[in-house]
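Protein sequences appear in the order of chains A and B.
For what it's worth, this note's numbering labels the leading residue of the first sequence as 204, then goes sequentially.
For what it's worth, this note's numbering labels the leading residue of the second sequence as 204, then goes sequentially.
We put the beta carbon where it would ideally sit given N, CA and C, even for glycine.
The next block holds one structure in the form of structure tokens; read it before the comments.
2 protein chains.
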Amino acid sequence: MRIGELAERTGTSRRLLRYYEEQRLLTPGRCGNGYRAYEEAHVGRVLQIKGLLDAGLPTRIIRQILPCLDGPPSIHFDDLTPEMTDVLEHEHDQLTRRIDCLTRNRDAIAGYLETVRGMRVRRSEAARGRG
Amino acid sequence: MRIGELAERTGTSRRLLRYYEEQRLLTPGRCGNGYRAYEEAHVGRVLQIKGLLDAGLPTRIIRQILPCLDGPPSIHFDDLTPEMTDVLEHEHDQLTRRIDCLTRNRDAIAGYLETVRGMRVRRSEAARGRG
DNA sequence: CTTGACCTTCCCATCAATGTGAAGGCCGGA
DNA sequence: TCCGGCCTTCACATTGATGGGAAGGTCAAG
């Protein structure tokens, strides 16, 4: 698949797909004429990258954690240094912290909305009572 | 408390505290001499802002959701338009999506690390068996 | 053979978050 | 009184994720 189709199927601009490649998040092959050649699997990969970027992770972190998500670790086991597992553990904890922060704030918003709805109901009940 | 102390206690640069104020995320008072005067409560507020920024929310969104996290909504009920609740619901869903994405990836990392540790153990067992 | 829709690289622009430094005011201690 | 450390505003620089255009190559259809 060429860049245009991947862009369409992932809702990403071609520009960004090239940027992700420059950041080594994506490594498409090349056709004889120089066009980038993407695999089916790249669709999911791009969506994953987008999700992580949207969640606030910088590309350099995404680059570090992406290889682990590819398949069974045995594939990547050989070049897995102790420093790498340290990085992964650190990122795991960071993610947990981020998740907690987002969850706290989401729940606060939920609680707020709920209270507001409660007030609405009571208000309209009061209005009915008066009317 | 002046800006230096708040910066120190929150691990934020003075520059950023002024930036947050410019973005209307923080509204310190002023001393007679023009110095910013922060309250104790601003410490938590800054940490919350930092957490949300770090989680990828832009200041304009944080500005919208911060008032809801301040206390009982009744205080802010009067200026709560329907558009505002729409924004909040939208942000709530966005946060949920973000949380799900981060959770999936964190769990994938956890699984990866676990598998790697399992392989380590089996390797060393094999080495003992041979030795 | 031309046209149009792709693709390539290169480069410049933008926006948000942040760093940094200049020029100057306040203030407490030697 | 002067100095050092804090504060002010203003302004320019940088970084990361994007958008956009220019100049040119590829290729299928008319």
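Under 6 Å Cβ to Cβ from residue i, same chain only, skipping five residues before and after it: list those, please.
i                      : result
residue 256 of chain B : none
Between residue i and chain A, is any beta-carbon pair separated by less than 7 Å?
i                      : result
residue 215 of chain B : no
residue 330 of chain B : no
residue 272 of chain B : yes
residue 228 of chain B : no
residue 247 of chain B : no
residue 312 of chain B : yes
Near residue i, which residues of its chain fall below 7 Å by C-beta distance, leaving aside the five closest residues on each side in sequence?
i                      : result
residue 228 of chain A : 252, 262, 265, 266, 269
residue 191 of chain B : Limits of chain B in this structure are 204 at one end and 334 at the other, which puts residue 191 of chain B out of reach.
residue 226 of chain B : 262, 266
residue 295 of chain B : none
Give the C-beta separation of residue i and residue j to the nearest angstrom, bearing in mind that I take them to be a contact with Cβ-Cβ under 8 Å.
i                      : j                      : result
residue 240 of chain B : residue 233 of chain B : 6 Å
residue 220 of chain A : residue 206 of chain A : 6 Å
residue 271 of chain B : residue 312 of chain A : 6 Å
Please classify residue i: is it buried, with 16 or more other beta-carbons within 10 angstroms of its beta-carbon, or exposed?
i                      : result
residue 319 of chain A : buried
residue 321 of chain B : exposed
residue 293 of chain B : exposed
residue 301 of chain B : buried
residue 238 of chain A : exposed
residue 259 of chain B : buried
Looking only at its own chain, which residues have a Cβ that is under 8 Å from the Cβ of residue i, when we skip the five neighbours before and after it?
i                      : result
residue 230 of chain A : 224
residue 245 of chain B : 204, 209, 229, 231
residue 250 of chain A : 213
Counting only C-beta atoms, is residue i closer than 7 Å to chain B at any point?
i                      : result
residue 315 of chain A : yes
residue 306 of chain A : yes
residue 244 of chain A : no
residue 321 of chain A : no
residue 302 of chain A : yes
residue 250 of chain A : no
residue 293 of chain A : no
residue 298 of chain A : yes
residue 254 of chain A : yes
residue 268 of chain A : yes
residue 309 of chain A : yes
residue 235 of chain A : no
residue 258 of chain A : yes
Inspect the CB distances between the segment 205-216 of chain B and the segment 292-309 of chain A and report whether three or more fall short of 8 Å. no
On the three-pair Cβ rule with 8 Å, is the segment 285-292 of chain B touching the segment 235-255 of chain B? no
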